[in-house]
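The structure under discussion appears below in the form of structure tokens.
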Amino acid sequence: MAWIENRLSRGDAGVLQQHLEHCADCRRLAGEFRETESLIAHDRGLQPNPFVSTRIMQHLDAHLHTKKSRPLELLVRLVQPAILSAALAIAVLAGIYLGRHETRQYSEATRRPENIREMQASFFISDLTTEDQAVSLEP
Amino acid sequence: MTDKELVCGIRQNDRKAIEELVNRHRDRVIKTAFYFLQDIEEAEDLSQEIFLEILRSAGRFREEASLGTWIYRITVNRSLNHLKKINRKSMFRRMEKDHEQASEHLHLEEKERRRILNQAVQSLSENQRIAFVLSKYEELPYKQISEVMNISLSSVESLIFRAKENLQKKLVRYFSEYAEKKK
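As you go down the protein sequences, you meet chains A and B in turn. Quick note on numbering that gives the first Met the number 0: the first sequence kicks off at 0 and runs consecutively. Quick note on numbering that gives the first Met the number 0: the second sequence kicks off at 0 and runs consecutively.
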């Protein structure tokens, strides 16, 4: 490879050249290496398709667009659960408040003694059979 | 636009700066990817991902190395990662198929020579392959190769020397086998 790349000293290159004149196998191999070097040079000169730039920019534009809408998406993703949690908490608190309010009214009503007696009486009467009611209601 | 202005523009997602970056470095990225992948279409596809990574990691660019060196680093890493994803066997089958299709006009011997060369280069160790490709194909100076690979200059020299030695041995064997087959 050093010979192909012209890195041999003049003396060494001369010795090699003399050998190649007499050795067919080495001459053939040297030829293969020279052709291989040409292949590498050919690849070095490769010209990519200039329209690839358009494809690259389209791909990058999609990324830029995603990046711009990302803060908004992040905001929505943070705010949405917060709003839902707040709504749930309000619903639970409202339920508790309404429940307490109704219970308070009921317990206030039942605290007066005459009311309790009336209620007890009405429960007692409703438990009685028709015949019993007729007997109890007799003066 | 200087490299510094270019990097500033990319960090701010300035479309003009990004376009300038692509136009300036497109060929370098595609060709380097091609030297590893040996498939121009795949190299072009991969270049989209490479430029995307450049955009994403622009914030991490430290300016210790030049912008070109940094881009080479990303290109080499992405190309090698892409190669690892592909099964080696299927890669060789692909190379043979591509060479049959794309190089129909080439003489059979040239196609075979290209296959032999690719096989020999792919058989090198990863570091030897990187150093050889950047030196032989991209013709980068050893100093820049050492910056791309983040190794010392003497390590680069050693890698390239060993890569050429190994390649020479493999090529001699492959060419001899091919000559025997032709007889």
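From the three backbone atoms N, C-alpha and C, an ideal C-beta is built for every residue, glycine too.
Looking at C-alpha atoms only, which residue of the options is the closest neighbour of residue i?
{"i": "B:R251", "options": "B:Y173, B:E48, B:A42, B:V147", "result": "Nothing can be reported for residue 251 of chain B: it is not among the residues displayed for chain B, which extend from 0 to 182."}
{"i": "B:I115", "options": "B:Y177, B:I70, B:R77", "result": "B:Y177"}
{"i": "B:E195", "options": "A:L45, A:I39, A:L63, A:W2", "result": "Because residue 195 of chain B is not part of the residues shown, which for chain B are 0 to 182, the question remains open."}
{"i": "B:Q167", "options": "A:A29, A:H21, A:L74", "result": "A:A29"}
{"i": "B:Q127", "options": "B:I150, B:E109, B:K110", "result": "B:I150"}
{"i": "B:E138", "options": "A:E31, A:D11, A:A40, A:R27", "result": "A:A40"}
{"i": "A:E31", "options": "B:F160, B:E109, B:A16", "result": "B:E109"}
{"i": "A:T53", "options": "B:S56, B:L54, B:S46", "result": "B:S46"}
{"i": "B:L54", "options": "B:N12, B:I85, B:N22", "result": "B:N12"}
{"i": "B:I85", "options": "B:T1, B:S157, B:Q121", "result": "B:Q121"}
{"i": "A:L38", "options": "B:N117, B:L152, B:S157, B:S153", "result": "B:N117"}
Please say whether residue j and residue i have beta carbons closer to each other than 8 angstroms?
{"i": "B:N80", "j": "B:L123", "result": "no"}
{"i": "B:L170", "j": "B:A119", "result": "yes"}
{"i": "A:I55", "j": "A:R33", "result": "no"}
{"i": "B:R14", "j": "B:E52", "result": "no"}
{"i": "B:Y141", "j": "B:V155", "result": "yes"}
{"i": "B:A32", "j": "B:I49", "result": "yes"}
{"i": "B:R10", "j": "B:G67", "result": "no"}
{"i": "B:I159", "j": "B:S134", "result": "yes"}
Assign residue i to buried or exposed, taking buried as 16 or more other Cβ atoms, counted over all protein chains shown, within 10 Å of its Cβ.
{"i": "A:D60", "result": "exposed"}
{"i": "B:I129", "result": "buried"}
{"i": "B:E62", "result": "exposed"}
{"i": "A:V51", "result": "buried"}
{"i": "B:Y34", "result": "buried"}
{"i": "B:Y136", "result": "buried"}
{"i": "A:N78", "result": "It should be noted that the sequence gives Val, not Asn, for residue 78 of chain A. With fewer than 16 Cβ atoms within 10 Å of its Cβ, A:V78 is classed as exposed."}
{"i": "A:T102", "result": "exposed"}
{"i": "B:L36", "result": "buried"}
{"i": "B:A162", "result": "buried"}
{"i": "B:E41", "result": "buried"}
{"i": "B:E179", "result": "exposed"}
{"i": "B:D38", "result": "buried"}
{"i": "B:L20", "result": "buried"}
{"i": "B:Q100", "result": "Confidence at B:Q100 is low in this model, with a pLDDT of 49, below 50, so its placement is unreliable and no value can be given for it."}
{"i": "B:E125", "result": "exposed"}
{"i": "B:K30", "result": "buried"}
{"i": "A:A1", "result": "exposed"}
{"i": "A:A90", "result": "exposed"}
{"i": "B:E103", "result": "With a pLDDT of 48 at B:E103, under the threshold of 50, the predicted position of this residue should be treated as unreliable, and no value is reported."}
{"i": "A:T35", "result": "buried"}
{"i": "A:S8", "result": "exposed"}
{"i": "B:A16", "result": "buried"}
Checklist entry - Are at least three pairs of beta-carbons, each pair with one atom in the region 17-35 of chain A and one in the region 2-20 of chain B, less than 8 angstroms apart? => result no
Next on the checklist: Is it the case that the region 140-147 of chain B contacts the region 64-73 of chain B, given that we only count it when at least three CB pairs across the two stretches are under 8 angstroms?
Outcome noted: yes
Item to check | Touch test, the region 26-45 of chain A against the region 26-34 of chain B, Cβ-Cβ under 8 angstroms, three pairs minimum | outcome: yes
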